[in-house]
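K.L.:
The opening residue of the sequence shown carries number 34 in this note's numbering; numbering runs sequentially from there.
Let me give you the structure first, and then I'll get to my questions.
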Amino acid sequence: MSAVFKPAEAGFESLTEARVEAVVAIEQQAYAHPWTHGNFLDSVRSGYQAQMLVAETQVLGYFIAMMGVDEVHLLNLTVAPQCQGQGWGRVMLDALALWSRSRGAQWLWLEVRVSNGRAQQIYESHGYRRVGERKGYYPGEPGKREDAVVMSLKL
Numbered sequence: 034m035s036a037v038f039k040p041a042e043a044g045f046e047s048l049t050e051a052r053v054e055a056v057v058a059i060e061q062q063a064y065a066h067p068w069t070h071g072n073f074l075d076s077v078r079s080g081y082q083a084q085m086l087v088a089e090t091q092v093l094g095y096f097i098a099m100m101g102v103d104e105v106h107l108l109n110l111t112v113a114p115q116c117q118g119q120g121w122g123r124v125m126l127d128a129l130a131l132w133s134r135s136r137g138a139q140w141l142w143l144e145v146r147v148s149n150g151r152a153q154q155i156y157e158s159h160g161y162r163r164v165g166e167r168k169g170y171y172p173g174e175p176g177k178r179e180d181a182v183v184m185s186l187k188l
């Protein structure tokens, strides 16, 4: 595992097609079943809210969210493995909630793997509540699928 990166200052930048490779590299480090380059390009080209949290030249994390009529659906939120445990996920959730409110959203929605207890705890500490499950939502071990917990936050 690489050394922990602790930046002095961080800020948000829009994810652009030119920067997709940086988030794909993090995605591949962070997950057994990562989003593809095409998934990120499609999100950027569709005009989804795609933000990177950056310090100096390093991407600390990113999130992708899709606006609906009066709600926002969080599609992906990832903190680079070497930056986890430093509160960056919470920073991105705060930024997402602010952006969502500014767009008039009433709700935030997300899915999270049933096996990802750490993420569920972070979401719950931010006020998200479990509202259901989606059976077989995520790819799992070869030939298997993993359920998702559906969570929502009233804004």
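Backbone N, C-alpha and C define an ideal beta-carbon position, used for all residues, glycine too.
Every value quoted in this text rests on a predicted model; they were computed, and no experiment measured them.
Indicate the three-state DSSP secondary structure (helix, strand or coil) for Y95 in the structure shown.
P.N.:
In this structure, Y95 counts as strand in the three-state DSSP scheme.
K.L.:
For the candidate residues A152, P67, F73 and P114, whose alpha-carbon lies nearest to that of M99?
P.N.:
Closest option to M99, Cα to Cα, is F73.
K.L.:
Is A113 closer than 9 Å to R146 when the C-beta atoms are compared?
P.N.:
No, the Cβ-Cβ distance between R146 and A113 is not below 9 Å.
K.L.:
What ranges does the alpha helix (DSSP H) occupy inside the region 69-133, keeping only unbroken runs of at least 4 residues that lie completely in it?
P.N.:
For the region 69-133, whole alpha helix (DSSP H) runs of length 4 or above, ordered along the chain, are 70-78.
K.L.:
Between which residues of its own chain and G169 is the CB-CB distance below 8 Å, once the five residues before and five after are set aside?
P.N.:
These residues qualify, in order along the chain: R178, E179 and D180.
K.L.:
Starting from E179, follow its DSSP beta bridges and name the residues at the other end.
P.N.:
BP columns for E179 point to Y171.
K.L.:
Pull up the DSSP beta-bridge partners for R162, would you.
P.N.:
Bridge partners of R162: S185.
K.L.:
Spatial neighbours of Q153 within its chain, please: C-beta separation below 7 Å, excluding the five flanking residues on both sides.
P.N.:
If we look at Q153 and ignore the five residues flanking it on each side, its Cβ neighbours are V145 and V182.
K.L.:
For G44, which three-state DSSP category applies?
P.N.:
Strand.
K.L.:
Thinking C-beta only, is L186 closer than 9 Å to Y161?
P.N.:
Yes.
K.L.:
Excluding five sequence neighbours on each side, which residues of the same chain lie with their C-beta closer than 6 Å to the C-beta of I97?
P.N.:
The answer, listed in chain order, is S76, Y81, A83, L108 and N109.
K.L.:
Between the Cα of E174 and those of A43, H70 and Y64, spot the shortest distance and give me the residue it belongs to.
P.N.:
Checking every option, the nearest Cα to that of E174 belongs to Y64.
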